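Residue numbers 25 to 332, in the working numbering, belong to the letters of the sequence shown in order. Structure, as structure tokens:
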Amino acid sequence: MKSVLIDCDPGLDDAVALLAAFGARSLNVKAITTVAGNVKGPQTAINARIIREAAGRGREIPVCAGAPRPLLRDAVTAEDFHGSTGLGNLPFPSPRLPLSRAHAVNKIIRSCRAAVAAPLTLIVTGPMTNVALALTMAPNITEGIEEIVVMAGADREGGNITPYAEFNVFADPHAAAIVFGAGVPMRCLSLDVTHQIRTTKSRLAQVREIETEQAQIAASLLDASNQLEFSANGARDAPLHDPSTVIAVTRPDLFSGRRVSVSVITEPGEQFGRTVPHSQKDGHIVWYERADSDAVYAALGEHLGAYK
Ligand code: BDR
Ligand code: CA
25 MKSVLIDCDP
35 GLDDAVALLA
45 AFGARSLNVK
55 AITTVAGNVK
65 GPQTAINARI
75 IREAAGRGRE
85 IPVCAGAPRP
95 LLRDAVTAED
105 FHGSTGLGNL
115 PFPSPRLPLS
125 RAHAVNKIIR
135 SCRAAVAAPL
145 TLIVTGPMTN
155 VALALTMAPN
165 ITEGIEEIVV
175 MAGADREGGN
185 ITPYAEFNVF
195 ADPHAAAIVF
205 GAGVPMRCLS
215 LDVTHQIRTT
225 KSRLAQVREI
235 ETEQAQIAAS
245 LLDASNQLEF
255 SANGARDAPL
265 HDPSTVIAVT
275 RPDLFSGRRV
285 SVSVITEPGE
295 QFGRTVPHSQ
305 KDGHIVWYER
315 ADSDAVYAAL
325 GEHLGAYK
């Protein structure tokens with residue numbers, strides 16, 4: 025069992041990532057921390073609590089709200105792709121269980137410190153504000169981190185919010201620069217790879233055939249994502265951004281890439297928020313470039329079908 029903490033901004037695809045992680049037999053989700061991103065901070069924290077309960081989980085998995093805004097830039101959100109609620113305006117019941125009283129940044133610091141003997145994997149699917157703050161406040165937490173697996177950035181593919189920048193990095197490029205520069209082992213699911221993994225009609229139908237309540241919820245979230253993707257930019261088959269981070273943890277054999285270091289363009293201008301991977305034989309970051317996308321959906325289905 026691998027212990028993971030998930031830092032996220034749900035978000036339709038973050039929500040599917042959470043459902044996959046809770047279902048995965050090989051993962052022990054220790055906590056969820058939330059950050060402002062796809063929608064404002066208070067709403068991402070509500071959405072994480074909604075999904076915790078949809079997964080049949082409770083207080084044993086604390087949901088901790090974090091940074092309400094990026095480090096330096098003005099906040100940006102992505103309602104066009106996630107709906108005004110962040111969950112595609114699907115009719116979820118309000119969560120019954122409260123937020124943890126711990127701040128997300130303190131939770132990350134405490135969890136990593138407690139994990140030095142058996143380091144923790146951080147799965148990061150939103151802007152990196154919380155993780156950057158934790159690494160800044162307590163640099164020695166790296167001892168308790170096995171690796172950070174992050175959905176962020178774009179190189180060959182170009183951006184999805186500007187021609188150069190991917191949303192999570194654009195939303196807080198200064199935080200991304202801190203995290204990429206911290207020297208912690210990382211694996212990065214950028215648009216270069218997530219754009220290869222798309223929710224086609226037949227893959228969506230496969231998820232719908234899985235007879236768990238959580239698979240049905242995931243199918244509705246994926247369907248909403250496809251519909252919003254189409255109305256926002258006319259593109260069919262939304263990419264499976266955030267759930268791919270979970271699958272990269274449970275099935276790393278399905279992805280391949282190269283070792284790099286990554287710099288982030290933080291100067292104002294048209295390239296603001298662009299990630300630049302530099303190939304390096306012993307680079308501490310794996311920049312994924314290819315995925316076996318059928319197998320990724322099969323693994324997603326396996327996790328969603330593993331609920332009792
Ligand atoms: C990323 O941005 C968000 O809108 C998604 O949740 C994903 O984390 C894709 O660029
Ligand atoms: Ca996200």
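Where is the CB? At the ideal position from N, CA and C, for every residue including glycine. Source: prediction; values computed, not measured.
- Bridge partners of Pro263 according to DSSP: Arg222.
- When C-alpha distances from Asn250 are compared across Ile234, Ala229, Glu84, the shortest belongs to Ala229.
- Annotated as distal: Asp261 and Thr149, with beta-carbon spacing of 8 Å or more.
- Within the region 260 to 301, the runs of alpha helix (DSSP H) at least 4 residues long that lie entirely inside it are, in chain order, 267 to 274.
- Here Ile85 is near Ala55, since their CB atoms are less than 8 Å apart.
- One Cα belongs to Phe116, the other to Thr166, and the distance between them is close to 37 Å.
- Just measuring C-alpha positions, the residue of Pro209, Lys332, Pro276, Val155 sitting nearest Ala60 is Val155.
- Rounded to whole angstroms, the separation of the alpha carbons of Val310 and Val173 is 9 Å.
- Taken through DSSP and simplified to helix, strand or coil, Met161 comes out as helix.
- Short of 7 Å from the beta carbon of Arg282, and not among the five residues preceding or following it, lie these beta carbons of its own chain, in chain order: Ser303, Trp311, Glu313.
- Look at the beta carbons and you see the region 119 to 133 not touching the region 230 to 244: under three pairs across the two are nearer than 8 Å.
- DSSP places Ser303 in the strand class (E or B) of the three-state scheme.
- Across the structure, Ile289 and Leu96 are spaced so that their CA atoms are roughly 14 Å apart.
- Taken atom to atom, the span from the alpha-carbon of Pro92 to that of Val63 is near 10 Å.
- Residue pairing by DSSP leaves Met25 without any beta bridge partner.
- Between Asp38 and Cys32, the alpha-carbon positions lie close to 6 Å from each other.
- For Glu181, the CB contacts under 8 Å within the same chain, skipping 5 residues up- and downstream, are Ser214, Leu215, Asp216, His219 in chain order.
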